[in-house]
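Protein sequence lines, in the order shown, are assigned to chains C and B.
Take the first sequence: its position 69, counted from the start at 1, is 69 in UniProt numbering, and no numbers get skipped.
Take the second sequence: its position 396, counted from the start at 1, is 396 in UniProt numbering, and no numbers get skipped.
Everything below concerns the one structure shown next.
Number of protein chains: 2
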Amino acid sequence: MATEYSQSANQKAVRWHPPSYDIRVESVPIPKIQNPDDAIVKVTLAALCGSDLHIYRGHGGVDKVHTCGHEFIGEVVALGSSYGRDVKGRPALYSHLNIGDKVVSPFTVNCGECHVCRLGYTGRCPEGFLFGSPALDGGQAQYVRVPKAGGTLFNLSDSSTWSSALNEEEKRKALTDIADSSLLMLADILPTGVFAALQALNHPKVAPVITGKAWPICFSPDQVSGNEVSLIDEDKIITVAIVGLGPVGVCAAVSLLDALATRKAPFRIIAIDPLETRREKMKAVYNAISDSGKGNGEFIVQSIEESKEAVKKWTGGVGATAVLEVVGNTSALTLAYDLVRAFGVIVSVGVHGEPQMPFTGRQLYNKNVSLDFGRCPARAMFPLAFDLLVKRQDVFGGVGQPESLVDRVVDFSQATESYRAFDKGEIGKVIFDPWK
Amino acid sequence: MATEYSQSANQKAVRWHPPSYDIRVESVPIPKIQNPDDAIVKVTLAALCGSDLHIYRGHGGVDKVHTCGHEFIGEVVALGSSYGRDVKGRPALYSHLNIGDKVVSPFTVNCGECHVCRLGYTGRCPEGFLFGSPALDGGQAQYVRVPKAGGTLFNLSDSSTWSSALNEEEKRKALTDIADSSLLMLADILPTGVFAALQALNHPKVAPVITGKAWPICFSPDQVSGNEVSLIDEDKIITVAIVGLGPVGVCAAVSLLDALATRKAPFRIIAIDPLETRREKMKAVYNAISDSGKGNGEFIVQSIEESKEAVKKWTGGVGATAVLEVVGNTSALTLAYDLVRAFGVIVSVGVHGEPQMPFTGRQLYNKNVSLDFGRCPARAMFPLAFDLLVKRQDVFGGVGQPESLVDRVVDFSQATESYRAFDKGEIGKVIFDPWK
Numbered sequence: 001m002a003t004e005y006s007q008s009a010n011q012k013a014v015r016w017h018p019p020s021y022d023i024r025v026e027s028v029p030i031p032k033i034q035n036p037d038d039a040i041v042k043v044t045l046a047a048l049c050g051s052d053l054h055i056y057r058g059h060g061g062v063d064k065v066h067t068c069g070h071e072f073i074g075e076v077v078a079l080g081s082s083y084g085r086d087v088k089g090r091p092a093l094y095s096h097l098n099i100g101d102k103v104v105s106p107f108t109v110n111c112g113e114c115h116v117c118r119l120g121y122t123g124r125c126p127e128g129f130l131f132g133s134p135a136l137d138g139g140q141a142q143y144v145r146v147p148k149a150g151g152t153l154f155n156l157s158d159s160s161t162w163s164s165a166l167n168e169e170e171k172r173k174a175l176t177d178i179a180d181s182s183l184l185m186l187a188d189i190l191p192t193g194v195f196a197a198l199q200a201l202n203h204p205k206v207a208p209v210i211t212g213k214a215w216p217i218c219f220s221p222d223q224v225s226g227n228e229v230s231l232i233d234e235d236k237i238i239t240v241a242i243v244g245l246g247p248v249g250v251c252a253a254v255s256l257l258d259a260l261a262t263r264k265a266p267f268r269i270i271a272i273d274p275l276e277t278r279r280e281k282m283k284a285v286y287n288a289i290s291d292s293g294k295g296n297g298e299f300i301v302q303s304i305e306e307s308k309e310a311v312k313k314w315t316g317g318v319g320a321t322a323v324l325e326v327v328g329n330t331s332a333l334t335l336a337y338d339l340v341r342a343f344g345v346i347v348s349v350g351v352h353g354e355p356q357m358p359f360t361g362r363q364l365y366n367k368n369v370s371l372d373f374g375r376c377p378a379r380a381m382f383p384l385a386f387d388l389l390v391k392r393q394d395v396f397g398g399v400g401q402p403e404s405l406v407d408r409v410v411d412f413s414q415a416t417e418s419y420r421a422f423d424k425g426e427i428g429k430v431i432f433d434p435w436k
Numbered sequence: 001m002a003t004e005y006s007q008s009a010n011q012k013a014v015r016w017h018p019p020s021y022d023i024r025v026e027s028v029p030i031p032k033i034q035n036p037d038d039a040i041v042k043v044t045l046a047a048l049c050g051s052d053l054h055i056y057r058g059h060g061g062v063d064k065v066h067t068c069g070h071e072f073i074g075e076v077v078a079l080g081s082s083y084g085r086d087v088k089g090r091p092a093l094y095s096h097l098n099i100g101d102k103v104v105s106p107f108t109v110n111c112g113e114c115h116v117c118r119l120g121y122t123g124r125c126p127e128g129f130l131f132g133s134p135a136l137d138g139g140q141a142q143y144v145r146v147p148k149a150g151g152t153l154f155n156l157s158d159s160s161t162w163s164s165a166l167n168e169e170e171k172r173k174a175l176t177d178i179a180d181s182s183l184l185m186l187a188d189i190l191p192t193g194v195f196a197a198l199q200a201l202n203h204p205k206v207a208p209v210i211t212g213k214a215w216p217i218c219f220s221p222d223q224v225s226g227n228e229v230s231l232i233d234e235d236k237i238i239t240v241a242i243v244g245l246g247p248v249g250v251c252a253a254v255s256l257l258d259a260l261a262t263r264k265a266p267f268r269i270i271a272i273d274p275l276e277t278r279r280e281k282m283k284a285v286y287n288a289i290s291d292s293g294k295g296n297g298e299f300i301v302q303s304i305e306e307s308k309e310a311v312k313k314w315t316g317g318v319g320a321t322a323v324l325e326v327v328g329n330t331s332a333l334t335l336a337y338d339l340v341r342a343f344g345v346i347v348s349v350g351v352h353g354e355p356q357m358p359f360t361g362r363q364l365y366n367k368n369v370s371l372d373f374g375r376c377p378a379r380a381m382f383p384l385a386f387d388l389l390v391k392r393q394d395v396f397g398g399v400g401q402p403e404s405l406v407d408r409v410v411d412f413s414q415a416t417e418s419y420r421a422f423d424k425g426e427i428g429k430v431i432f433d434p435w436k
């Protein structure tokens, strides 16, 4: 049965005020349907994300009061006029979304039907907005308006819309057994981690290691080989460094391990962070993964200082095949450059600011570096991320355990203090329950 | 019959003198075998390349007199002790190279058998040197010493070593009908052009356009789709901009056209250069390509000013799927950024200098840009480049014609003047005949 919803009442919302460090829980109007494609979602849980801190700190060039948050899960309580009939050629949810359905949203809106979305680049839909920005109120509230909801939302109540590789038994368990605090990871951190891992594993410069065939014959069995001698086993070991072990970095590590275990590919992974608390979290997560999810390789967790020596030793001075940069600043990029091999790949999913890139053209030429930047197309990554979430409940299932990515669930009265403590690194990932 | 070769005599060589703009033709000793893997090649033809100008102008940080040139073709006149027996596990030419064989060399030495070479990354072999640098005398001489020649050289006299996709009739013609001035393009410009095109076409972010399947299902038919609607024909048209129409840029265009024609992929290509002479050359080359090599798409040649409007118009403001940057400076990179779409790819094969990259992290994040930098692994690209050379004798066959990449063949007495005029852009690609 559908939850009661009144457009005339007020609600509680976590609001950011300029210029910086000013978070207030305020009473504001409950959002209304504004366009036929809108949905109103009653928020069950909303999370605080590292990238919320850009605006919090006043670094976002933002000067408008708005409701924070781009990670939320909830229940549909109102739908625009586009829904409820069989709509040919539009995204599935315009036909399949109902009042009362449980949904999770990616951190940006995407229409799901324009040229950019058709290609799967949903994170850059021209009709997209970031939740929790001056353009679109966020999910740290009791209700949130979701524009283009039929293209944006993922319906957790209707497995026929999932496009998942899960079998029927796994789907049934997914519908009933997974906690909302776990499903909420789909909003941002899990698809972004999967995106980082996927880009590295699919990059042409990584292909020789993965396929066991030299460049350029790695691309197609029809292509011809050159003068080279055959690859040996050592050449087929992929070495990956992950720089930054916040929640996204940990998700990237779990995704990478899963993908390499599935492919039975030998590997060495080094996960790097300057903070001991984050390194300990990464170790606990790794230890909680069942053997089948760990695959056939070495996995170590180190500080920045130790990491260069470790990669050098592992690879005989050659460097890492790929580096996942999950921080978003120039010192992380510089470390990534130092660690990566010639003909290596740096995948950067961190949100970067105004500083110039810390490389000269000659540095990039001399090492034949490839760089993949940018925001995760979260909605497009949902099927892969969802399947991984279901598979890895050993690490994505809990709250407050050593291996949990979620540190605590709190009510809005603790919102201001939570922002402060999260910004200072005193606490891990926080989820708000707007109804407690 | 083998050419006469005397280690005790002197030879003519084009030599660079510090600090800059000082080219002299001098008499120097003929090189000797120094190591068992060496070969001595009697140079038939040697070309002047745009990247020779870095040292010429004094920008290379070089202060040692040396013989210039990294593009040469010739005949083997002496071999070290590693050759002439069946050597298991070493590159083919240690068994198959003979005195008198016609050979072409890539612009760098590569051993062909270390970890880096086994992966096909021959341009970054740790035992590699660039010909025509203080570390290794170049090919603008009557004789040149080729270290690690069994891994480095391509044997134009023995089609059994080619690993080519050509049929027997094509191979026979290749052995007899192709001019040395055409084969010389294998040394650098043709494999580098193929490398640029190949990197763009194989990049994961280009995959949805090429495969017609959305990200991330483009990677594997087993992967699951998301909420997206199907791609339409317009989504499957690849739009590529080529920035810089020197010889490498033209080769990149021909390679790209050939690859897209082979795949029957619809395309739009815009080839861009500020110089009208280069644009005219590009147009003449395009017109000389037979219809089967032109494929199914539009090809236009424009100035920088016109190009932004053209790409905008073609793509409804979205931008180019990929940009090939074949210049090697920051203004070319900036233009590439302006032209590329969100989730687009910039492939940079230009030789870059010390200036900082002209992008902020935020710019790259906001457009989800991918960048592939670096030197072509020329030896690894030889089979693909060679097949294209044979196929495209309509444009790669001549000298001094409107569609020819080679402007003229001159003797060493014109070396000093040729460097000057080439540096000023007064003449196109020059080949030296050391024996005229």
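Built from N, CA and C at the ideal position, the CB exists for glycine as well.
Predicted model, so just to flag it, every value in this text is computed and none were measured.
Within the same chain, Ser-181, Val-399, Lys-429, Ile-431 come within 6 Å of Val-406 of chain B by CB-CB distance, once the 5 residues on both sides are set aside. Secondary structure of Val-65 of chain C (DSSP, three-state): coil. Nearest CB-CB separation between Asn-202 of chain C and chain B: below the 7 Å threshold. Between Cys-218 of chain C and Gly-138 of chain C, the CB-CB gap reaches or exceeds 7 Å. Ile-40 of chain C places its beta carbon less than 7 Å from that of Ala-78 of chain C.
Annotation: His-115 of chain C to Leu-153 of chain C spans about 19 Å, alpha carbon to alpha carbon. Within chain B, the residues Val-229 have their CB atoms less than 9 Å from the CB of Arg-90 of chain C, given in chain order.
In the displayed model, Ser-163 of chain C falls within coil according to three-state DSSP, outside both helix and strand. For Thr-122 of chain B, there is no enclosing alpha helix (DSSP H), as DSSP marks it with neither H nor E. Under the DSSP definition of a beta bridge, Leu-136 of chain C partners with C:Ser-133. Each of C:Trp-16, C:Pro-355, C:Gly-84 was checked against the Cα of Ala-332 of chain C, and the nearest Cα belongs to C:Pro-355.
Its Cα nearest to that of Gly-353 of chain B, the residue B:Ser-51 stands out among B:Ser-51, B:Arg-392, B:Arg-90.
In this structure, Asp-22 of chain C keeps its C-beta atom at 7 Å or more from the C-beta atom of His-96 of chain C.
Excluding its 5 nearest sequence neighbours in each direction, Gly-128 of chain B has C-beta neighbours in its own chain below 6 Å: Thr-108, Val-109, Asn-110, listed in chain order.
Think of a sphere of 9 Å around the beta carbon of Val-209 of chain B: the chain C residues whose beta carbon falls inside it are Leu-119, in chain order.
Closest in alpha carbon position to Pro-19 of chain B, among B:Tyr-94, B:Lys-64, B:Phe-72, is B:Lys-64. Note that the stretch 24-32 of chain B does not touch the stretch 117-136 of chain B; fewer than 3 beta-carbon pairs, one per stretch, sit closer than 8 Å.
Approximately 16 Å separates the beta-carbon atoms of Ala-174 of chain C and Val-395 of chain C; this is outside 8 Å, ruling out the contact. Rounded to the nearest angstrom, the gap between the Cα atoms of Asp-38 of chain C and Tyr-365 of chain C is 47 Å. With a contact defined as Cβ atoms closer than 8 Å, Leu-256 of chain C and Lys-281 of chain C miss out at about 16 Å.
The beta-carbon of Ala-214 of chain C is placed less than 7 Å from the nearest beta-carbon of chain B. Across the set C:Ala-197, C:Leu-324, C:Ala-310, the C-alpha of C:Ala-197 shows the shortest separation from the C-alpha of Ala-385 of chain C.
Residues are counted here when their Cβ sits less than 8 Å from a Cβ of chain B; for the stretch 229-250 of chain C these are Val-229, Ser-230, Leu-231, Ile-232, Glu-234, Asp-235, given in chain order.
In the displayed model, Asp-411 of chain C falls within a strand according to three-state DSSP.
The Cβ-Cβ distance between Thr-315 of chain C and Thr-211 of chain C does not fall below 7 Å.
The beta carbon of Asn-155 of chain C sits closer than 7 Å to those of Leu-93, His-96, Leu-97, Asp-101, Val-103, Thr-161, all from its chain and outside the five residues before and after it, given in chain order.
Bounds of any alpha helix (DSSP H) do not take in Thr-360 of chain C, whose DSSP letter is neither H nor E.
Across the structure, Pro-402 of chain C and Leu-388 of chain C are spaced so that their CA atoms are roughly 20 Å apart.
Scanning its chain for C-beta atoms nearer than 6 Å, with the 5 sequence neighbours on each side dropped, one finds around Asn-368 of chain B the residues Ala-342, Phe-343, in chain order.
Contact with chain B is absent for Thr-192 of chain C, since none of that chain's Cβ atoms lies less than 7 Å from the residue's Cβ. Counting other Cβ atoms within 10 Å of its Cβ, Thr-321 of chain C reaches 16 or more and is therefore classed as buried. Beta bridge pairing from DSSP links Ala-197 of chain C with no other residue. Of the candidates B:Ala-380, B:Asn-287, B:Val-327, the residue whose Cα lies closest to the Cα of Ala-214 of chain C is B:Ala-380.
With respect to Phe-195 of chain C, Cys-49 of chain C sits apart: the two C-beta atoms are not nearer than 7 Å. Looking from the CA of Leu-201 of chain B, the closest CA among B:Thr-44, B:Arg-85, B:Thr-262 belongs to B:Thr-262.
For Pro-106 of chain C and Ile-189 of chain C, the gap between their C-alpha atoms comes out near 10 Å.
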